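The sequence shown begins at 18 in the numbering used here and counts up by one. C-beta atoms are modelled at their ideal positions from N, C-alpha and C, and glycine is treated no differently. All of these numbers come straight from a predicted model, not from anything done at the bench.
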Amino acid sequence: STIVFLCLLITDTIVACQCGHANDKFHYDRAEAVLVVTVVQVEDLWTPARKTAYYLREKYAELTAQYRTPELRPRDTGKRVTFRVHEAYKRSTPEEVVLITGRGGGDCGCPVEVGRTYLVYQSPANRDWYDFSICNGTSPIETAGSRLASVRSLGPKEPLLPAAAPRRFVAPALGVTLTIVAAVAFL
């Protein structure tokens, strides 16, 4: 006798990255900046505290009959990546930048490793989305040969801005010395 098993998978949402394909000039034109960088640090933003807060908001929505899952912003669940910049195109950038990407696995986030070098196309500033992803042409430098050549032919290399050094100020009325770190906003 033959036994047939039928499996039915029911889900609310299926997440998949659907970028499409574009040429190098398209990615270059859409980017805020194009950078050759090395990863210095990767920080996971989807922390236990954020997971717990999201879970509690989701349960509250169920209990109050709102039947609406709280919205997750991609920047809340992704990764914060600190890069050392080697080359910059389209705009001057600091020697070190911090950008956000997704986790990968369907959200178009770019997998990155500390110590590895990448060609990064930084997306225009957007509070609710990633600064770079696999959809905008970002890739490891080892696989970016023709893209890097294209970037170098499309525009001149821009100067790197020096890292901000701590500055000390004395507040005479208070007799207090303050150390202030000047931050360069890279938006």
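C-beta contact flag for residue i and residue j at 8 Å
| i | j | result |
| --- | --- | --- |
| GLY95 | ARG120 | yes |
| LEU178 | SER109 | yes |
| ALA105 | LYS174 | yes |
| ARG47 | ASN153 | yes |
| GLU112 | VAL102 | yes |
| VAL57 | TYR135 | no |
| ASP93 | THR118 | no |
| CYS271 | GLY123 | No answer is possible for residue 271: the residues shown for the chain start at 18 and end at 204. |
| LEU62 | VAL137 | no |
With 16 other Cβ atoms within 10 Å as the buried cut-off, status of residue i
| i | result |
| --- | --- |
| VAL131 | exposed |
| THR155 | buried |
| GLU49 | buried |
| ASN40 | exposed |
| GLN139 | buried |
| GLY126 | buried |
| HIS44 | buried |
| LEU80 | exposed |
Whole-angstrom distance between residue j and residue i, CA atom to CA atom
| i | j | result |
| --- | --- | --- |
| THR160 | TYR77 | 46 Å |
| SER150 | PRO128 | 9 Å |
| LYS68 | GLU60 | 15 Å |
| THR205 | TYR71 | In the structure as shown, the chain starts at 18 and stops at 204, and residue 205 therefore has no counterpart that could be examined. |
| ARG37 | SER167 | Note that residue 37 corresponds to Gly in the displayed sequence, not to Arg. The alpha-carbon atoms of GLY37 and SER167 are separated by roughly 19 Å. |
| ILE180 | VAL114 | The sequence given here has Ala at residue 180, not Ile. One C-alpha to the other measures close to 10 Å. |
| GLY162 | LEU116 | 23 Å |
Reduced DSSP category for residue i - H, G, I as helix; E, B as strand; rest coil
| i | result |
| --- | --- |
| ALA50 | strand |
Next on the checklist: Ignoring anything shorter than 4 residues, give me the alpha helix (DSSP H) runs that lie fully in the stretch 137-180, in order along the chain.
Outcome noted: Those alpha helix (DSSP H) runs which fall completely within the stretch 137-180 and span 4+ residues are 162-171.
Checklist entry - Hey, which unbroken runs of the beta strand (DSSP E) at 3 residues or more fall wholly within the stretch 69-125? => result Here the runs fully enclosed are 96-106, 113-118.
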